[in-house]
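Structure, as structure tokens:
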DNA sequence: TTTCAGGGTGGAAACGCTTTCTTGCAAAAT
DNA sequence: ATTTTGCAAGAAAGCGTTTCCACCCTGAAA
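Residue numbers (UniProt numbering), protein chains in the order written: chain A, 1 to 342; chain B, 1 to 342.
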């Protein structure tokens, strides 16, 4: 029992070819006849074979695995990001090893050079404040590093312009009658987990409002942890401050969800007494009729993955920064039925 | 540039020994003379040598890595669990590869037999409903599997008795005057993410109350997502139902934190008008004076890790179940200053 | 018909280690 | 003095891959 995993030799034997040919099939080498390739692939799947990444690394210098370091907050966002990354990498038969940052301590472990995180072919880092923590702002590795949803002059990066998103929110919401409000994601207390995304979005909102002659009083900004319940508390808070209609920019779709829930509880009509704009563009927003600033999360992840692959393959240029812009998606939560001068 | 890393051969040559001896030094093999060992160590540090982990894994036939599959909810709990597991494994030169379940889709990928998760020496699975999803309730691997914070007759497991914890909460809180309330963690809608922990705790609470002749009306159970804000909403809800004092069993410390925050906002005194008992025993509860049912999370993780190591080393016995019990920690949140008959 | 090019393939060597086998040698036992 | 024991350490055989070289074809060019 406990039969060992099949090796390339067993595949070769079953397919009646040499091990060299099996290896060529594994690596998509062009000079393998289609008929041979198929026989080998059939043998592989019949044996349940998968190559040993460590042996690949020893022999060829590549393990066909990359590391993704990411925080464990805001899971829907990271889930989509992962999806985008995986899309690109799986086409190239790359695997992803995840390094979720559960705590500052755990992060420190990841940053030690002997960590498993550095034993792969490259690093994808999805954490804002992370680069700033490192000595010389560099990760302790010779292998390529690409930042995603973050920015640094040292490394390739792909990120969304959150400030711009805030401005777009301002432009959209300022057109409606009624007072303006914002819900901002609380910044983590810990330096290590620092995440300024919420700040950037609200700053853009405030500045965007200023540009059209409106101002956002500090009292109209509700700071909340990242949860739907936070959105509910925010609406309760706003209701104590003033009367409808409320024009609310929620710093994230999840916060907006709480506003929707609480509005329903309070009997406020969405699109009339409460105009609500989220941020993220998660799929469920469509069903809920929630207007939102849609981020191209998957594309951002895919682009980061592509840049990393290029680096792994030897590209040596200076760091590239790919900026993505959110898109305003208007739904019923900011489309009321009354008509006013336009 | 990029001079190649020194290998075991160069170390052996410099220290004037064979490569076998260098390897023995690396692996703390006892039969190396102290004098020889020191010569080898000196050679290593003078060359800046560090062993190639991939080569070790290929040659040794082991990956010196185990997989930990876990959900990404309730991060403090899992952080502590990880800590306990790592404690044991790092002593044995083992690394942990994490497989966080971000979504049902991602879980399905982990369960496919060709996943990276199965490229390691063993599996540690910290997810309640997971075993039930599998064909024949077995993971598609010949490697050893141990469940932690979960239970199944098929595999070794280490878990905390949540129902008992609920009963202990009942016994403690029923002694105080005033009405009784509970906050229960919402079950995930998704079958895959199913987590009955919240249910078990509240069920124990209800049954424990029944035993002493008290009952817990359904209206006194507030079901909330897992967030501090959920606790705040819960207290608001209870305040609408009845007057102080409130005796509240929060299904998790994080929910209790929200109750603390909201009580402060509402001017209710903890320990007097609000008696509050959490569940988990996280470290911050001490500073906040929160009574709680402390779970031996680290020990549970450590025990699971030990069982897995034994299996990896060839232990063949039938599945073992290790049950842990929570401990009641009484602090000021359930120690009021008034005196009544005891 | 012969020569040549080049695609397709098998197998040996290499990657950097661990592990087993073997030998050398000194101390203990006969 | 001879045999036995056991520890230390070198040599060599793997581990599961990639890569390179040599060889065999087949078909086009001469």
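Here a beta-carbon is modelled for each residue, glycine too, at the ideal position from N, C-alpha and C. Just so we're clear, the structure is a prediction, and the values are computed from it rather than from any experiment.
(request) Could you tell me whether the Cβ atoms of residue 260 of chain A and residue 333 of chain A are closer together than 9 Å? (result) Contact flag set, yes.
(message) Just to confirm, is the Cβ distance from residue 256 of chain B to residue 183 of chain B under 9 Å?
(response) The criterion of a C-beta distance shorter than 9 Å is satisfied by residue 256 of chain B and residue 183 of chain B.
(message) Can you list, in chain order, the residues of its chain with a C-beta nearer than 8 Å to that of residue 24 of chain B? Leave out the 5 residues immediately preceding and following it.
(response) If we look at residue 24 of chain B and ignore the five residues flanking it on each side, its Cβ neighbours are 31, 32.
(message) Threshold first: 4 residues or longer. Then list the alpha helix (DSSP H) segments lying entirely within the UniProt domain "HTH lacI-type" (6-60) of chain B, N to C.
(response) If we require 4 residues or more, the alpha helix (DSSP H) runs fully inside the UniProt domain "HTH lacI-type" (6-60) of chain B come out as 8-15, 19-26, 34-47, 53-60.
(message) Whole angstroms are fine: how far does the CA of residue 200 of chain A sit from the CA of residue 349 of chain A?
(response) No information on residue 349 of chain A is available, as it lies outside the stretch 1 to 342 that chain A covers here.
(message) For the pair the segment 195-214 of chain B and the segment 228-244 of chain B, tell me if three or more CB-CB distances fall below 8 Å.
(response) With the cut-off at 8 Å, the segment 195-214 of chain B and the segment 228-244 of chain B do not touch.
(request) Give the single residue among B:40, B:73, B:20, B:65 whose Cα lies nearest to the Cα of residue 252 of chain B. (result) Of all alpha-carbon atoms in B:40, B:73, B:20, B:65, the one lying nearest the alpha-carbon of residue 252 of chain B is that of B:73.
(request) With a threshold of 16 other CB atoms inside 10 Å of the CB of residue 315 of chain A, please say whether the residue is buried or exposed. (result) That one is exposed.
(message) Looking at the ligand HEM, does it come within less than 8 Å of residue 97 of chain A, judged from the CB to the closest heavy atom?
(response) For the structure depicted, the ligand HEM is absent and the ligand set is empty, with no information on it obtainable.
(request) Please confirm if residue 334 of chain B has its CB atom under 9 Å from at least one CB of chain A. (result) With its beta carbon at least 9 Å from every one in chain A, residue 334 of chain B lies outside the interface.
(request) For the segment 200-286 of chain A, list the alpha helix (DSSP H) runs that are entirely contained and at least 4 residues long, ordered along the chain. (result) Taking only runs of at least 4 residues, the alpha helix (DSSP H) segments lying wholly in the segment 200-286 of chain A are 228-241, 253-266.
(message) When you compare the CB of residue 230 of chain B with every CB in chain A, is at least one pair closer than 9 Å?
(response) In terms of beta-carbon proximity, residue 230 of chain B lines the interface with chain A, with at least one pair separated by less than 9 Å.
(request) Please confirm whether residue 100 of chain B and residue 71 of chain B have their CB atoms less than 9 Å apart. (result) Closer than 9 Å, so yes.
(request) Taking only beta-carbon positions, decide if residue 79 of chain A is within less than 9 Å of chain B. (result) It does: the Cβ of residue 79 of chain A has a partner Cβ on chain B nearer than 9 Å.
(request) Apply the 10 Å Cβ neighbour rule to residue 2 of chain A and answer buried if 16 or more other Cβ atoms are within range, or exposed otherwise. (result) Residue placement at residue 2 of chain A cannot be trusted, given a pLDDT of 49 that sits under 50; the coordinates are not used to answer.
(message) 9 Å is my cut-off, CB to CB: does residue 343 of chain A come that close to chain B?
(response) Chain A is shown only over 1 to 342; residue 343 of chain A falls outside these bounds and no answer can be derived.
(message) Quick check: what's the CA-CA separation for residue 170 of chain A versus residue 329 of chain A?
(response) Looking at the two C-alpha atoms, the distance is approximately 14 Å.
(message) To the nearest angstrom, how far is the alpha carbon of residue 40 of chain A from that of residue 135 of chain B?
(response) Roughly 28 Å separates the two Cα atoms.
(message) Rounded to whole angstroms, what is the Cα-Cα separation between residue 108 of chain B and residue 150 of chain B?
(response) Each residue's Cα considered, the two are about 19 Å apart.
(message) Looking at the secondary structure, which residues open and close the alpha helix (DSSP H) in which residue 323 of chain B lies?
(response) From DSSP, residue 323 of chain B is part of no alpha helix (DSSP H) but of the beta strand (DSSP E) over 321-324.
(request) Find the residues of chain B that neighbour residue 17 of chain A, judging by a C-beta separation of less than 9 Å, and give them in chain order. (result) Per Cβ cutoff of 9 Å: no residues; residue 17 of chain A is ~21 Å from chain B at best.
(request) Taking only runs that begin and end inside the segment 103-134 of chain A, name each unbroken beta strand (DSSP E) of 3 or more residues, in chain order. (result) Here the runs fully enclosed are 123-125.
(request) Identify whether residue 75 of chain A lies in helix, strand or coil by the three-state DSSP scheme. (result) Helix at residue 75 of chain A.
(request) Please report how far the alpha carbon of residue 145 of chain A lies from the alpha carbon of residue 294 of chain B, in whole angstroms. (result) Looking at the two C-alpha atoms, the distance is approximately 41 Å.
(message) According to DSSP, is residue 1 of chain B part of a helix, a strand, or is it coil?
(response) The predicted model places residue 1 of chain B with a pLDDT of 40, which falls under 50 and marks its position as unreliable; any figure quoted below should be read in that light. Residue 1 of chain B: coil per DSSP, three-state reduction.
(message) Can you find the residues in the same chain that come closer than 6 Å, C-beta to C-beta, to residue 342 of chain B, ignoring five residues on each side of it along the sequence?
(response) With a pLDDT of 48 at residue 342 of chain B, under the threshold of 50, the predicted position of this residue should be treated as unreliable, though the coordinate-derived value follows. The answer is none, since no qualifying residue turns up.
(request) Check the Cβ-Cβ distances between residue 119 of chain B and every residue of chain A, and say whether any is below 9 Å. (result) Interface with chain A (9 Å Cβ-Cβ cutoff): residue 119 of chain B is included.
(request) Quick one: grab the DSSP three-state call for residue 290 of chain A. (result) Reduced to three states, the DSSP call for residue 290 of chain A is coil.
(request) Examine chain A for any beta-carbon lying closer than 9 Å to the beta-carbon of residue 92 of chain B, and answer yes or no. (result) Residue 92 of chain B is outside the set of residues whose beta carbon lies under 9 Å from a beta carbon in chain A.
(request) Can you have a look at residue 121 of chain A and say buried or exposed, based on whether 16 or more other CB atoms are within 10 angstroms of its CB? (result) Residue environment: residue 121 of chain A is assigned as buried (16 or more neighbouring CB atoms within 10 Å of its CB, all protein chains considered).
(message) Between which residues of its own chain and residue 322 of chain A is the CB-CB distance below 6 Å, once the five residues before and five after are set aside?
(response) So the qualifying residues of the chain are 158, 303.
(request) Spell out whether any CB of chain A is found under 9 Å from the CB atom of residue 283 of chain B. (result) No, because no Cβ of chain A sits closer than 9 Å to the Cβ of residue 283 of chain B.
(message) As a quick exercise: from B:10, B:307, B:233, B:89, pick the residue whose alpha carbon is nearest that of residue 46 of chain B.
(response) Among B:10, B:307, B:233, B:89, the Cα nearest to that of residue 46 of chain B belongs to B:10.
(message) So if DSSP puts residue 99 of chain B in a beta bridge, which residue, or which two residues, is it bridged to?
(response) DSSP lists B:69 as partners of residue 99 of chain B.
(message) At the 9 Å Cβ level, is residue 75 of chain B part of the contact set with chain A, yes or no?
(response) Yes, because at least one Cβ of chain A sits closer than 9 Å to the Cβ of residue 75 of chain B.
(message) Is the separation between the beta-carbon of residue 83 of chain B and that of residue 105 of chain A shorter than 9 Å?
(response) For the 9 Å CB-CB criterion, residue 83 of chain B and residue 105 of chain A form a contact.
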